[in-house]
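Mapping of the sequence shown onto numbering that gives the first Met the number 0: position 233 corresponds to residue 232, and the numbering continues sequentially without gaps.
All C-beta atoms in this analysis are idealised placements derived from N, C-alpha and C, irrespective of residue type, glycine included.
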Amino acid sequence: MKKKDINIVKENYDNNAHAEWERLEGFHFEFEIAKHYLKKYLRGKTVLDIGGGPGRYSVYLAKLGYDVTLVDLSEGNVALAKEKFREHGVNVKAYVCDARDLSSLRLGKFDNVLLMGPLYHLSGVEDRKRCVLQAKKHLNGGGVLFASFITITAGLNYYYDTAPEQLLHEPAMDLFDRMEKDESWSGMAFTQATFINCLEVEPFFKELGFEKLAILGQEGLAGPRLTYIERAEKPVRDLYLDLSLRLCENPQYFVYSDHLLYIGKHD
């Protein structure tokens with residue numbers, strides 16, 4: 000990945016750290032379903048949150064009693080994360096570093112590693128491999144990796160959900176060319192981003208030495224009407240959350256989600 004593209008991502012989060020924190024404020028399928036699976040698969044007591052942004056997952060896990068360390072590319076994210084840790088009364092260490100090379104931090108090994116952001120932005124498969132191998136290097140034997148991607152259908156779900164007419168004026172129609180060919184797409188979206196072909200995910204991690212525990216869509220069935228359902232009355236939200244938790248691991252429904260979560264064990 001070119002340095003200018005990394006800088007685009009870094010500057011986006013430096014300038015929008017508060018927006019990134021607020022993005023998961025309140026009820027969001029992405030966060031609710033992730034929390035369910037974190038509780039199910041976390042092992043031991045230590046967590047390395049790589050690309051942890053302003054600390055939403057780190058705060059949640061620290062409050063559950065985990066010993067958490069956060070790393071992020073963006074100084075703005077890390078500064079806000081430290082504020083949030085103080086505000087919520089949790090003790091979480093936080094460092095600025097590129098997810099592709101953590102060697103300068105000498106962090107040691109952890110029972111669990113989260114990659115809930117870096118793989119959204121790494122356009123080249125070799126960069127994605129470097130990132131995941133860094134995570135693996137910091138996992139204890141038998142430790143668990145949680146890695147999230149943006150799905151190739153996330154853009155289409157966005158148009159369905161909020162602005163179907165905007166597609167008439169969308170210059171990046173090559174996204175749909177890639178969908179037609181069952182390929183991933185990289186380019187400018189909300190920032191420099193990669194939308195992954197879901198069929199690539201399991202073989203990618205198998206090649207890097209992980210045993211799959213689960214793959215799931217983080218929005219379950221709600222993606223195409225996400226904004227409406229998340230703002231609905233609690234009984235409606237709860238119904239769709241229950242349905243989503245029942246079906247989110249079924250590959251034929253991955254297309255309804257904007258984010259795909261891979262959970263795997265270090266062999």
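- For E201, DSSP records no beta bridge to any residue.
- Ranked by Cα distance from T68, the first of L118, D4, K62, L47 is L47.
- F209 has H265 as its beta-bridge partners, per DSSP.
- Taking the C-beta atoms as reference points, L104 is found no nearer than 7 Å to F145.
- Looking only at L167, K9, C247, R177, the smallest Cα-Cα distance to E74 is reached by K9.
- Here DSSP, grouped into helix, strand and coil, assigns T226 to helix.
- Taken through DSSP and simplified to helix, strand or coil, H35 comes out as helix.
- According to DSSP, residue pairing for W184 in a beta bridge involves F194.
- Annotation for G51: S57, L69, D71 place their beta carbon closer than 6 Å to its own, counting only its chain and skipping 5 residues before and after.
- In the structure shown, V112 adopts extended strand secondary structure according to DSSP, grouped into three states.
- I214 has Y261 as its beta-bridge partners, per DSSP.
- DSSP, reduced to helix, strand and coil, places N139 within a strand of the structure shown.
- Buried is the label assigned to F253, since at least 16 other Cβ atoms lie within 10 Å of its Cβ.
- Counting only residues of its own chain and dropping the five nearest sequence neighbours on each side, F109 has a CB closer than 7 Å to the CB of T45, V46, L47, H137, L138, N139, G142.
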